[in-house]
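Visitor:
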Amino acid sequence: MTGLWTFAPEGGRERGLLALFILHSLMQQPKSGYELLKEIKEKTEGVWVPSKGTLYPILKQLEEEGLIAVAEIGKRSKHIFALTASGAETLRTIKAHKKESREKHLQFRKLLIEIFGEEHVTLRQLLFEIHELIDDVTADNKDQAVAILARCLGDLKRLQ
Numbered sequence: 212m213t214g215l216w217t218f219a220p221e222g223g224r225e226r227g228l229l230a231l232f233i234l235h236s237l238m239q240q241p242k243s244g245y246e247l248l249k250e251i252k253e254k255t256e257g258v259w260v261p262s263k264g265t266l267y268p269i270l271k272q273l274e275e276e277g278l279i280a281v282a283e284i285g286k287r288s289k290h291i292f293a294l295t296a297s298g299a300e301t302l303r304t305i306k307a308h309k310k311e312s313r314e315k316h317l318q319f320r321k322l323l324i325e326i327f328g329e330e331h332v333t334l335r336q337l338l339f340e341i342h343e344l345i346d347d348v349t350a351d352n353k354d355q356a357v358a359i360l361a362r363c364l365g366d367l368k369r370l371q
């Protein structure tokens with residue numbers, strides 16, 4: 212297993228979480244570094260935003276490796292980055308090993324529980340785990356999974 216916040220396919224190069232997110236985000240559409248920072252801020256609800264000094268060296272490294280490329284230079288020399296075919300393949304390969312990523316996430320959760328106790332585990336953490344498990348629900352079990360989640364939603368609504 213690779214480091215807690217790094218991801219790699221079998222025998223492949225490790226990628227940090229931020230590099231992986233950059234590839235994922237650029238798969239959706241080309242973006243500038245500033246747009247990537249805004250997106251991360253939005254997705255983490257402002258809890259974590261990497262500094263420019265963290266983001267831009269990673270963009271440069273991914274560009275040097277041929278995983279992303281400057282698609283356009285806008286006003287004030289703003290670089291718009293796009294995912295290359297090699298970057299898309301790297302992302303696909305890493306995502307194909309999601310089981311290892313899920314295992315890492317659960318190990319991290321165990322550490323947080325050890326430090327802060329079970330009562331401090333956030334609802335978002337549990338939702339993330341549910342989201343991850345949904346990917347593995349077979350077609351035969353889909354109706355049962357929907358029923359379980361519907362009951363859960365009903366129970367949560369009654370708490371309000």
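Heads up: the sequence shown begins at 212 in the numbering used here, then just goes up one per residue.
Every residue gets a Cβ at the ideal spot worked out from N, C-alpha and C, and that includes glycine.
Predicted, not measured: the structure shown is a model, and the values here were computed from it.
1. DSSP three-state label for V348, please.
2. Could you tell me the alpha carbon to alpha carbon distance between K353 and E340, rounded to whole angstroms?
3. So, L234 versus L278, is the Cβ gap smaller than 8 Å?
4. If you reduce the DSSP assignment to three classes, tell me which class K309 lands in.
5. Per DSSP, what kind of secondary structure is K249 in: helix, strand or coil?
6. Nearest to L344 by alpha carbon, out of D351, A356, L334?
7. For the region 252-317, list the alpha helix (DSSP H) runs that are entirely contained and at least 4 residues long, ordered along the chain.
8. According to DSSP, is R369 part of a helix, a strand, or is it coil?
9. Is the distance from the Cβ of F292 to the Cβ of K254 below 8 Å?
10. Within 10 angstroms of its Cβ, does F218 collect 16 or more other Cβ (buried), or is it exposed?
11. Note the first and the last residue of the continuous alpha helix (DSSP H) segment covering Q239.
12. Residues bridged to K242 by DSSP?
13. Between G365, E314, H290, D366, which has its C-alpha nearest L270's C-alpha?
14. What does the Cβ neighbour count give for G298, buried or exposed, with the cut at 16 atoms within 10 Å?
Guide: Walking through what the data contain:
1. coil
2. 17 Å
3. yes
4. helix
5. helix
6. A356
7. 263-275, 296-306
8. helix
9. no
10. buried
11. 228-239
12. F292
13. H290
14. buried
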